[in-house]
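Chains as they are written, first to last, in my numbering: chain A, 9 to 326; chain G, 9 to 326; chain Z, 9 to 326; chain V, 9 to 326.
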């Protein structure tokens with residue numbers, strides 16, 4: 009067995025597309041509690057109080073909802089070069105860009121399903137302005153306490169026509185470790201939970217019910233406690249944010265969740281919990297179709313839309 | 009034994025005096041998360057999202073910090089009349105006022121230590137304006153989620169030169185039940201925890217270290233969970249609110265606490281928890297001096313200022 | 009308007025019938041965390057660590073699951089006499105019993121639906137034996153920390169063929185206050201939430217889907233935090249306790265819940281939260297059929313069995 | 009800059025020495041909630057419900073309290089060989105042992121302060137026996153729910169006469185990343201927080217107030233929520249476990265803590281929270297003497313014994 013790759017550190021940011029930029033912005037700022045760090049062209053760059061980089065969410069006006077791209081930060085310049093060479097060799101490379109607000113040159117590529125990723129190393133660490141300076145220096149930003157006050161972007165869940173192909177790409181080319189996956193009775197892979205760290209998931213692929221490509225399932229934002237998920241649900245109820253799945257505990261990865269739709273139509277999760285993987289030889293958990301039918305950890309049946317809806321919305325019978 | 013009086017329902021509001029009205033208002037609105045319900049003359053009337061009356065805090069500009077008065081709402085017009093007659097007979101009555109924002113005629117009186125109370129029955133139930141209308145009708149107001157977002161005024165703790173005299177007055181004239189008290193080795197009563205309901209305390213008297221009179225120890229605001237107390241502490245740290253006692257659990261009454269000073273100098277508590285008293289014959293717990301020396305529930309030693317500081321501040325060695 | 013009755017203090021205990029006494033006992037002791045306080049004949053008397061009386065649950069072997077009776081403790085001997093006279097006059101009296109383990113003479117009667125209640129005043133306050141003596145004297149018993157370690161019996165929810173008749177009986181004869189109720193479009197009353205205190209419910213009547221009588225919907229046990237409900241759910245999952253409804257927040261009364269079935273078939277709730285009613289003139293919330301169709305507070309659809317199942321199980325299509 | 013070492017995965021276990029083996033065992037099993045996985049000679053091997061290896065605590069009878077050794081699991085056989093070669097070259101190697109219950113050959117060495125470590129790769133993954141089999145396969149063991157039910161060993165904090173020398177050894181030879189450290193005004197290093205993962209600390213060195221060597225400050229056990237720390241404190245109070253520091257939040261690393269002494273005299277922490285380090289170029293936070301004097305996150309002053317006591321206890325004025 010080859011040794012584990014350690015070239016990418018983590019998803020640095022995700023770009024979310026919204027056809028309702030003003031309403032989406034109000035949601036992310038007033039209800040989720042993010043801060044506006046920069047604005048440029050049709051995009052607003054947003055951050056949680058615990059993000060070490062300048063932002064983790066780039067919100068961009070667009071005709072349709074969906075995922076713009078996912079930014080992966082490398083461990084070092086050398087690590088970046090190694091990954092770019094490998095991706096280029098795989099034939100999935102799109103080429104270099106000059107970078108964006110807060111980060112340097114980025115190499116763009118697609119996963120087999122067509123989602124756009126960019127790999128970069130140079131990035132600006134966040135320096136809080138006076139009014140957002142924290143009391144303790146081991147916290148990047150003051151705890152403002154507005155709305156759900158999510159701490160940072162946690163993970164990205166994308167839909168894929170062929171989960172297995174994308175999962176293998178993420179493992180072999182990007183260095184993700186596979187912690188859990190679902191395999192249906194017919195051998196199809198229905199979902200894969202991947203991570204670059206001990207956290208139980210940072211990138212997830214689940215089967216697109218419509219066989220479409222490049223779609224987003226959801227972006228998840230972290231809070232430190234389950235109580236904050238419950239509190240976020242109260243806020244959503246009183247701020248007319250449509251809740252798709254009320255707070256509960258996932259069977260897979262054991263994370264605590266709350267799912268809702270932001271005004272642009274994208275699914276958003278407020279999440280915490282889950283387990284850490286400390287086993288260097290961790291044997292991925294493979295869930296059967298029968299086990300998935302048990303529902304969530306405490307027996308909650310997963311709502312149908314969770315298995316079919318994604319952005320952009322392709323509608324029609326799944 | 010005479011049967012339990014049931015004439016007063018609960019403290020409806022407390023008036024807090026502040027020499028720094030603007031800073032105090034910013035604290036109560038931005039950090040504690042109260043809403044401004046009305047303003048009149050030198051006062052601002054503030055409410056928590058769970059207050060059923062229009063407000064529970066009247067914040068009034070004044071040369072010194074301290075307690076303006078405590079408003080007690082009676083169960084009915086007849087109950088009010090009964091109490092007024094008894095208080096009048098006790099010689100502590102000050103007479104009727106026409107009422108104030110949100111409530112009708114009130115009968116003013118003082119406790120033996122000189123704190124001003126007012127008794128009233130007629131009061132306006134809160135009707136949320138459109139932008140504060142809750143999603144569910146069994147909640148008086150939308151959950152806004154700003155800052156510590158305290159739910160309502162919970163209890164009032166006042167200092168008294170003679171705790172016993174005031175405690176007996178509260179029991180006999182006002183109908184409070186005594187749940188816990190501290191008796192020093194010399195027989196002095198050092199504190200008394202009183203309630204009109206099953207909640208472990210709604211009115212507290214503790215000995216004034218300076219033997220002064222009419223002073224306030226603190227006003228306490230309720231949150232539903234201990235996690236919200238911890239979160240409030242994070243907010244205080246990042247909003248330069250001086251914390252006097254970090255979140256922990258009281259030995260007496262077992263409430264969870266966080267104490268800090270609002271800009272005007274008054275001590276404020278964010279509280280939750282405690283036990284309910286369901287025993288109709290509840291035998292008050294009498295704590296000895298030795299037991300008090302054990303500190304708080306988990307062994308935290310109570311900070312000295314907690315035993316001496318009150319508003320107005322009379323300074324000098326205690 | 010007549011003044012509020014204050015003759016009953018609270019439900020002191022409930023008797024639960026089980027066809028599987030050993031398994032039920034193991035559940036209540038090992039999983040819910042109750043202590044065995046006494047055993048007599050076919051009954052075991054159990055207590056939570058926060059119960060001030062010797063026990064709050066009497067578990068009795070029986071051919072069928074269901075409710076044995078509900079014990080109501082009066083505020084005083086005089087209050088008891090007043091209530092007994094009124095109940096007797098109503099024609100629902102069954103007569104006096106000599107009492108039971110832990111309490112004195114009790115007057116038995118039925119509500120209109122046939123559930124058996126007993127009213128008593130004399131009761132033994134719990135005195136912890138050495139191994140269960142708490143560190144702080146304002147706690148009746150040591151916090152043992154076994155299983156879900158529920159604190160005390162919280163409320164009783166019974167089914168009734170005619171909710172309105174029973175609700176009116178509870179208000180007029182027993183002195184319960186009505187805080188919330190459901191009224192269907194055809195004027196039928198589908199549920200009523202009643203309390204003797206500021207707690208949002210202590211006795212609940214909901215419509216029996218089968219029109220049967222004397223059935224139990226559930227007994228609810230209190231924990232101090234929502235986190236303990238979540239933890240109880242984890243315990244239930246790993247102890248093969250069938251969860252009917254995973255932890256979430258009720259729309260009615262806003263309590264946090266977890267529903268499961270004990271081995272004898274009775275529905276059990278682990279509960280916390282909710283609001284306090286401090287308004288002496290509280291106007292009961294009347295929910296319409298349309299509002300009930302919204303589901304629970306965060307939009308969770310109530311599972312069908314919750315509307316039909318009760319003990320004893322009368323089966324058949326509802 | 010050389011690239012980050014990734015040869016060690018994590019501390020697999022720690023051996024704790026106790027002069028009161030029976031009482032210590034009762035504490036770890038009944039109060040902390042660990043399971044006995046094996047017993048051999050003078051040692052008992054204990055595990056939390058979330059430990060993926062057979063055990064994380066080896067409790068060994070000994071004349072004095074203190075740390076036996078720390079076991080570090082390598083990422084692979086090759087990684088182990090690389091580290092052993094480097095350690096051997098450093099002159100700190102002690103040689104190979106045949107292994108122990110649950111793991112294969114281990115290479116023993118000391119850090120500069122003399123604490124014994126062992127490095128190994130081969131280890132037995134835990135396979136739960138029938139009565140401890142979990143309901144969901146992504147959890148190593150059933151959630152038993154006894155006592156504080158800690159999930160796993162989290163970190164080890166050791167005292168050292170020369171913090172800097174040990175910290176540099178841990179970084180250069182073992183591959184630890186440094187996240188925070190304290191530097192006194194005279195340039196002395198007073199503490200260093202190190203990790204092999206994104207978790208804010210897994211190995212900590214703090215200055216030994218007596219200049220002694222090889223001593224233990226504490227072992228920390230993980231729980232998933234702050235509420236479980238609070239609950240553990242309640243359990244400690246009622247089980248006569250001496251609490252040194254009641255639950256609160258650290259300034260350094262922002263972990264939530266509860267410190268107490270197990271019967272053998274060793275300090276034990278129940279911990280949760282803290283932040284994750286996702287920055288590949290994380291600049292270690294260096295705290296000044298003045299900043300440390302601010303106390304803990306919410307202003308709690310650190311108790312004196314925390315700065316002086318360790319095991320074995322060397323007593324005398326610090």
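All C-beta atoms in this analysis are idealised placements derived from N, C-alpha and C, irrespective of residue type, glycine included.
For residue 316/A, the enclosing alpha helix (DSSP H) begins and ends at 313-316. By the rule that beta-carbons nearer than 9 Å mark a contact, residue 108/Z does not touch chain A. Shown here for residue 17/V: same chain residues with a beta carbon closer than 6 Å to its own, the five before and five after excluded, namely 81, 83 in chain order. Nearest Cα to residue 236/G within the set 15/G, 156/G, 51/G, 144/G: 156/G. Bounds of the beta strand (DSSP E) holding residue 114/Z are 114-118. A straight-line Cα-Cα distance of about 11 Å links residue 296/Z and residue 145/G. The way I'd put it, the region 70-79 of chain A doesn't touch the region 87-95 of chain A; fewer than three beta-carbon pairs between them come closer than 8 Å. Put simply, the backbone Cα of residue 172/G is about 57 Å away from that of residue 54/A. Burial check for residue 103/Z: the Cβ neighbour count within 10 Å stays below 16, so the residue is exposed.
Residue contact check for residue 241/Z against chain A: a CB pair falls below 9 Å. The beta carbon of residue 292/Z is closer than 8 Å to those of 186, 187, 188, 189 in its chain, skipping five residues each way along the sequence. Distance between residue 20/G and residue 168/G, taken at the CA atoms: about 21 Å. Counted as a single uninterrupted DSSP element, the alpha helix (DSSP H) harbouring residue 176/G occupies residues 171-180.
Rounded to whole angstroms, the Cβ separation of residue 224/G and residue 319/G is 5 Å, and the two are in contact under 8 Å. At a cut-off of 9 Å between beta carbons, residue 111/G makes no contact with chain Z. Against chain A, a Cβ distance below 9 Å from residue 12/V picks out 14, 83, 84. The C-beta distance from residue 322/Z to residue 200/Z rounds to 21 Å, too long to fall under 8 Å, and the pair is not in contact. Under the three-state reduction of DSSP output, residue 204/G falls in the coil class, being neither helix nor strand.
Residue 262/Z counts as buried, since no fewer than 16 other beta carbons sit within 10 angstroms of its beta carbon. For residue 251/A, at least one C-beta of chain Z is nearer than 9 Å to its own C-beta. Looking from the CA of residue 205/Z, the closest CA among 182/Z, 227/Z, 213/Z belongs to 182/Z. Along the region 306-319 of chain Z, the positions whose C-beta sits under 7 Å from a C-beta of chain A are 306, 307, 308, read in chain order. Counting only residues of its own chain and dropping the five nearest sequence neighbours on each side, residue 255/V has a CB closer than 6 Å to the CB of 237, 238, 241, 266. At a C-beta separation below 9 Å, residue 185/Z has no neighbours in chain G, since its nearest C-beta there lies roughly 12 Å away.
DSSP places residue 304/Z outside both helix and strand once states are collapsed to three, so it counts as coil.
Listed by position along chain G, the residues whose Cβ is nearer than 7 Å to that of residue 143/A are 245, 246. By the neighbour-count criterion, in which 16 or more other beta carbons inside 10 Å mark a residue as buried, residue 51/G falls on the buried side. Here DSSP, grouped into helix, strand and coil, assigns residue 260/G to coil. Within the region 151-180 of chain A, the residues whose Cβ lies closer than 8 Å to any Cβ of chain G are, in chain order, 151, 152, 153, 154, 155, 156. Taken atom to atom, the span from the alpha-carbon of residue 222/G to that of residue 115/Z is near 49 Å. Contact of residue 262/G with chain Z is assigned, a C-beta pair being separated by under 9 Å. Pairing residue 264/A with residue 234/A gives a Cβ-Cβ distance under 9 Å. Between residue 65/A and residue 163/A, the CB-CB gap reaches or exceeds 9 Å. Residue state for residue 255/G is assigned as strand, using DSSP reduced to three classes.
Residue state for residue 38/G is assigned as helix, using DSSP reduced to three classes. Under the Cβ criterion of 9 Å, residue 53/A is not counted among the residues facing chain V.
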